[in-house]
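**Student:** Everything in the sequence shown is counted per full-length UniProt numbering, starting at 1 for the first residue and increasing by one.
Virtual Cβ for every residue (Gly too), placed ideally from N, Cα, C.
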Amino acid sequence: MSDTNSELLAALESADQIKVGDVVTGEVLAIDNDNQAVIGLHTGEEGVVPAREYSDDRSVNLADDLKVGDTIETVVVSNVTSDKEGVAYLLSKKRLEARKAWESLSFNEGDVVDAKVINAVRGGLIVDVAGIRGFVPASMVAERFVSDLNQFKGQDIKAEVIEIDPAKARLILSRKAVAAQERAEKLAEAFSRLTVGEVVEGTVARLTDFGAFVDLGGVDGLVHVSEISHDRVKNPSDVLSKGEKVNVKILALDTDRGRISLSIKATQPGPWDEVAEKAPAGTVLEGTVKRVKDFGAFVEIFPGIEGLVHVSQISHKRVENPADVLKSGDKVKVQVLDVKPAEERISLSMKALEEKPANQREDRDDNRGASRADMAAFQQDDEGAATLGDIFGDKL
1 MSDTNSELLA
11 ALESADQIKV
21 GDVVTGEVLA
31 IDNDNQAVIG
41 LHTGEEGVVP
51 AREYSDDRSV
61 NLADDLKVGD
71 TIETVVVSNV
81 TSDKEGVAYL
91 LSKKRLEARK
101 AWESLSFNEG
111 DVVDAKVINA
121 VRGGLIVDVA
131 GIRGFVPASM
141 VAERFVSDLN
151 QFKGQDIKAE
161 VIEIDPAKAR
171 LILSRKAVAA
181 QERAEKLAEA
191 FSRLTVGEVV
201 EGTVARLTDF
211 GAFVDLGGVD
221 GLVHVSEISH
231 DRVKNPSDVL
241 SKGEKVNVKI
251 LALDTDRGRI
261 SLSIKATQPG
271 PWDEVAEKAP
281 AGTVLEGTVK
291 RVKDFGAFVE
301 IFPGIEGLVH
311 VSQISHKRVE
321 NPADVLKSGD
331 KVKVQVLDVK
341 PAEERISLSM
351 KALEEKPANQ
361 REDRDDNRGA
371 SRADMAAFQQ
381 DDEGAATLGD
391 IFGDKL
């Protein structure tokens with residue numbers, strides 16, 4: 001055989017060989033129990049397409065998408081050694097689709113694109129953008145830290161293209177700026193339809209130590225812990241749960257800071273609503289001492305209703321320090337001196353139920369405990385309330 005013929009034969013044999021990176025078209029010969037398709041190639045050899053190389057969808061069943069005799073185009077990933085006789089190549093359909101997508105890239109850095117969240121991993125979200133696999137770092141998923149990224153799996157999102165590197169098949173995106181813009185638009189829409197004072201239904205979205213964030217339809221408003229219930233709430237999670245439907249009253253709309261203040265307790269009957277009828281001035285009640293201060297003691301007379309027994313109203317005897325004669329948990333009888341439901345204030349007296357000692361002169365220093373410091377301390381106490389008359393006693 002001449003040198004020319006030998007060279008031609010070698011060239012023909014070389015042209016018939018399959019190399020890594022080649023695009024090949026083959027026929028589906030079988031779909032085995034391992035959820036992979038066996039493909040017959042033009043060389044008489046066989047390749048295999050596992051489900052993981054067919055699609056990013058981990059739940060895909062090849063038997064649902066392919067049947068024996070179908071023609072499929074794939075890219076050669078590697079040569080393999082297989083237990084199946086004749087199987088020589090690992091093939092991939094999804095990598096070929098990604099290659100074609102990169103070759104026909106239709107977006108640039110800075111563009112906002114539609115993406116499908118394929119999976120959530122520790123560092124962020126894996127997404128599909130027009131057939132190209134991309135990555136959204138966890139720090140760029142939202143405006144605030146998201147502890148559970150799994151909530152985004154399967155969602156269609158919009159994201160900004162931060163970095164494109166076709167040579168490395170690298171696509172980095174950010175949802176943060178897009179989410180901020182979407183939130184601004186939703187806030188503008190919410191401010192246009194909501195009015196202060198109205199009651200609307202919402203869904204508890206997040207719980208924190210200081211309150212609950214309620215979703216009002218794409219935007220969140222805050223119910224401060226003090227606005228959750230008429231009863232004392234130490235931890236919002238004790239009385240509310242994520243996903244719970246609640247009625248809330250709009251307390252304030254702050255367009256400058258993009259904040260909505262809400263109240264749950266304002267939608268519910270309060271313990272003070274009927275107190276004027278149940279305990280008018282002169283009524284004698286039994287109560288429980290809840291807190292003792294320098295200027296007096298707070299006594300609970302109904303669930304959620306506390307009144308102040310000023311130091312001057314504890315006893316006809318001189319009381320230097322209320323803690324000397326009263327402690328939290330004591331059961332005492334009191335007489336109602338004054339009720340102001342609108343201000344949630346009620347003044348009480350213990351000494352009014354005691355017989356005044358014979359020949360006792362009225363002590364002009366009865367009000368000695370109500371210094372300006374006492375008043376300031378009292379006004380800062382968010383767990384009770386009283387009038388100035390409560391502070392100074394019945395001498396005003």
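(1) Would you call the region 327-335 and the region 344-354 in contact, with 3 or more CB pairs under 8 Å?
(2) Is ASP111 buried or exposed, if buried means 16 or more other CB atoms sit within 10 Å of its CB?
(3) Reducing DSSP to helix, strand and coil, say where SER147 ends up.
(4) Within a Cβ cutoff of 7 Å, which residues of the same chain sit near VAL311, ignoring the five residues on either side of it in sequence?
(5) Beta-carbon within less than 8 Å of VAL127's beta-carbon, same chain only, minus the 5 sequence neighbours each way: which residues are those?
(6) Looking only at its own chain, which residues have a Cβ that is under 8 Å from the Cβ of VAL20, when we skip the five neighbours before and after it?
(7) Taking 6 Å as the limit between beta carbons, can you name the residues of its chain near ARG291, skipping five residues before and five after?
(8) Keeping to the same chain, check which residues put their C-beta closer than 6 Å to that of PRO341; ignore five residues upstream and five downstream.
(9) Rounded to whole angstroms, what's the CA-CA distance from ARG52 to GLY26? Just pull it up for me.
(10) Along the alpha helix (DSSP H) that carries LEU96, what are the first and last residues, could you check?
(11) Kindly list the residues whose CB is nearer than 6 Å to the CB of THR267, restricted to its own chain and excluding five residues on each side of it in sequence; keep chain order.
(12) What are the complete alpha helix (DSSP H) segments, minimum 4 residues, inside the region 18-92?
(13) What would DSSP say about VAL311, mapped onto helix, strand or coil?
(14) On a Cα-Cα basis, can you pick out the residue from LEU326, LEU262, ALA205 and ILE164 that is closest to VAL146?
(15) What residues are listed by DSSP as bridge partners for ASP165?
(16) Do you know how far the Cα of ALA142 is from the Cα of LYS67?
(17) Give the secondary structure of PRO236 by DSSP, where H, G and I count as helix, E and B as strand, and everything else as coil.
(18) Please go through the same chain and pick out, in chain order, the residues whose beta-carbon is closer than 6 Å to the beta-carbon of SER255, but skip the five residues on each side of it.
(19) Nearest chain C C-beta to ILE172 closer than 8 Å, yes or no?
(20) Whole angstroms are fine: how far does the CA of GLU354 sit from the CA of ARG345?
(21) Tell me which same chain residues have a C-beta within less than 7 Å of the C-beta of PHE210, skipping the five on either side of it?
(22) Which residue comes first and which comes last in the beta strand (DSSP E) that contains GLU244?
(23) Helix, strand or coil for LEU194, going by three-state DSSP, please let me know.
(24) From what residue to what residue does the beta strand (DSSP E) around ALA205 run?
(25) Just verifying my parser: in three-state terms, what is the DSSP assignment at ASP294?
(26) Give the straight-line distance between the Cα atoms of ASN109 and VAL239, rounded to the nearest whole angstrom.
(27) So, helix, strand or coil for ARG122, using DSSP?
(28) Closest to ALA88 by C-alpha separation, out of GLU45, VAL28 and LYS176, would be which residue?
(29) Kindly indicate the opening and closing residues of the beta strand (DSSP E) around ALA352.
(30) Is the beta carbon of LYS242 less than 8 Å from the beta carbon of LEU207?
(31) Quick one: Cα of LYS278 to Cα of LYS327, how far?
(32) Quick check: the Cα distance between LEU29 and LYS93, rounded to an integer number of angstroms?
(33) Assuming LEU194 and LEU262 form a contact by the criterion Cβ under 8 Å, report the distance between their Cβ atoms to the nearest whole angstrom.
(34) Decide if ARG122 is buried, meaning its Cβ has at least 16 other Cβ atoms within 10 Å, or exposed.
(35) Along the beta strand (DSSP E) that carries ALA212, what are the first and last residues, could you check?
**Tutor:** Judging by the given coordinates:
(1) Yes: the two stretches touch, three or more of their Cβ pairs being nearer than 8 Å.
(2) For the purposes of this step, residue 111 is taken as residue 111 along the sequence shown, with counting starting at 1. Here ASP111 is exposed, its C-beta having fewer than 16 other C-beta atoms within 10 Å.
(3) Locating residue 147 in the sequence shown gives position 147, counting from the first residue. In the structure shown, SER147 sits in coil (DSSP, three-state: anything other than H, G, I, E or B).
(4) Here residue 311 is taken as the residue at index 311 of the sequence shown, counted from 1. Excluding positions up to five away in sequence, the list reads PHE295, GLY296, VAL319, PRO322 and GLY369.
(5) Taking the first residue of the sequence shown as 1, we reach residue 127 at position 127. Only ALA115, LYS116, VAL117, ILE118, ARG133, GLY134, PHE135, VAL136, ILE157, ALA159 and LEU173 meet the Cβ criterion.
(6) Counted from its first residue, the sequence shown places residue 20 at position 20. Answer for VAL20: VAL76, VAL77, SER78 and ASN79, listed in chain order.
(7) Counting from one through the sequence shown, the residue named residue 291 turns up at place 291. So the list reads PHE298, once near-sequence residues are dropped.
(8) Translated into positions along the sequence shown, residue 341 becomes position 341. Excluding residues within five positions, the ones whose Cβ falls inside 6 Å are TRP272, VAL275 and ALA276.
(9) Translated into the one-based positions of the sequence shown, residue 52 becomes position 52. Translated into the one-based positions of the sequence shown, residue 26 becomes position 26. Those two C-alpha atoms are separated by around 18 Å.
(10) Mapped onto the sequence shown, residue 96 falls at position 96. Per DSSP, the continuous alpha helix (DSSP H) segment holding LEU96 begins and ends at 93-103.
(11) The residue labelled residue 267 in the question sits at position 267 within the sequence shown. These residues qualify, in order along the chain: VAL199, ASN247 and LYS249.
(12) Fully contained in the region 18-92 are the following alpha helix (DSSP H) runs of length 4 or more, in chain order: 51-54 and 62-65.
(13) As a first step, residue 311 must be located in the sequence shown, where it is residue number 311. In the structure shown, VAL311 sits in a helix (DSSP, three-state: H, G or I).
(14) Sequence index remark: in the sequence shown, residue 146 carries index 146 (1-based). Ranking the options by Cα distance to VAL146, first place goes to ALA205.
(15) Position 165 of the sequence shown, counted from the start, is the residue given in the question as residue 165. In the DSSP secondary-structure assignment, ASP165 is bridged to ARG170.
(16) Along the sequence shown, read from residue 1 onward, the residue named residue 67 stands at position 67. Along the sequence shown, read from residue 1 onward, the residue named residue 142 stands at position 142. Approximately 42 Å between the Cα atoms of the pair.
(17) To locate residue 236, count along the sequence shown from 1; it is residue 236. PRO236: helix per DSSP, three-state reduction.
(18) Here the question's residue 255 lines up with position 255 in the sequence shown. Reading the sequence as shown, one finds Thr at residue 255 and not Ser. Result list for THR255: PHE191, in chain order.
(19) Looking for chain C here will not work: only one protein chain is present.
(20) The residue given as residue 345 occupies position 345 in the sequence shown. The residue given as residue 354 occupies position 354 in the sequence shown. Note on geometry: alpha-carbon atoms of ARG345 and GLU354 lie some 23 Å from one another.
(21) Taking the first residue of the sequence shown as position 1, residue 210 is located at position 210. Same-chain partners within the cutoff: HIS224 and VAL225.
(22) The residue you call residue 244 lines up with position 244 of the sequence shown. Counting along the chain, GLU244 falls outside any beta strand (DSSP E), and DSSP gives it neither H nor E.
(23) As a working note, residue 194 is residue 194 in the sequence shown. Three-state result, LEU194: coil.
(24) For this step, residue 205 is matched to residue 205 along the sequence shown. 199-208 is the extent of the beta strand (DSSP E) around ALA205.
(25) Within the sequence shown, residue 294 is the residue found at index 294, counting from 1. In the structure shown, ASP294 adopts coil according to DSSP, grouped into three states.
(26) By 1-based counting over the sequence shown, the position of residue 109 is 109. By 1-based counting over the sequence shown, the position of residue 239 is 239. It is worth fixing the name first, because residue 109 is Glu in this sequence and not Asn. Cα to Cα, the separation comes out at about 47 Å.
(27) Taking the sequence shown and counting its residues from 1, the one referred to as residue 122 is at position 122. Under the three-state reduction of DSSP output, ARG122 falls in the coil class, being neither helix nor strand.
(28) Locating residue 88 in the sequence shown gives position 88, counting from the first residue. Answer by Cα proximity: GLU45.
(29) If you number the sequence shown from 1, residue 352 lands on position 352. Boundaries for ALA352: no beta strand (DSSP E) harbours it, and the DSSP string shows neither H nor E there.
(30) For the purposes of this step, residue 242 is taken as the residue at position 242 of the sequence shown. For the purposes of this step, residue 207 is taken as the residue at position 207 of the sequence shown. Pairing LYS242 with LEU207 gives a Cβ-Cβ distance under 8 Å.
(31) In the sequence shown, counting from the first residue as 1, residue 278 sits at position 278. In the sequence shown, counting from the first residue as 1, residue 327 sits at position 327. Between the C-alpha atoms of LYS278 and LYS327 there is a straight-line separation of about 26 Å.
(32) For this step, residue 29 is matched to residue 29 along the sequence shown. For this step, residue 93 is matched to residue 93 along the sequence shown. Inter-residue distance for LEU29 and LYS93 is about 16 Å (C-alpha atoms, whole angstroms).
(33) Counted from its first residue, the sequence shown places residue 194 at position 194. Counted from its first residue, the sequence shown places residue 262 at position 262. Not a contact, Cβ separation roughly 10 Å.
(34) The residue you call residue 122 lines up with position 122 of the sequence shown. Counting Cβ neighbours within 10 Å, ARG122 comes out exposed, since fewer than 16 surround it.
(35) As a working mapping, residue 212 is identified with position 212 in the sequence shown. Judged by DSSP secondary structure, ALA212 falls within the beta strand (DSSP E) whose first and last residues are 211-215.
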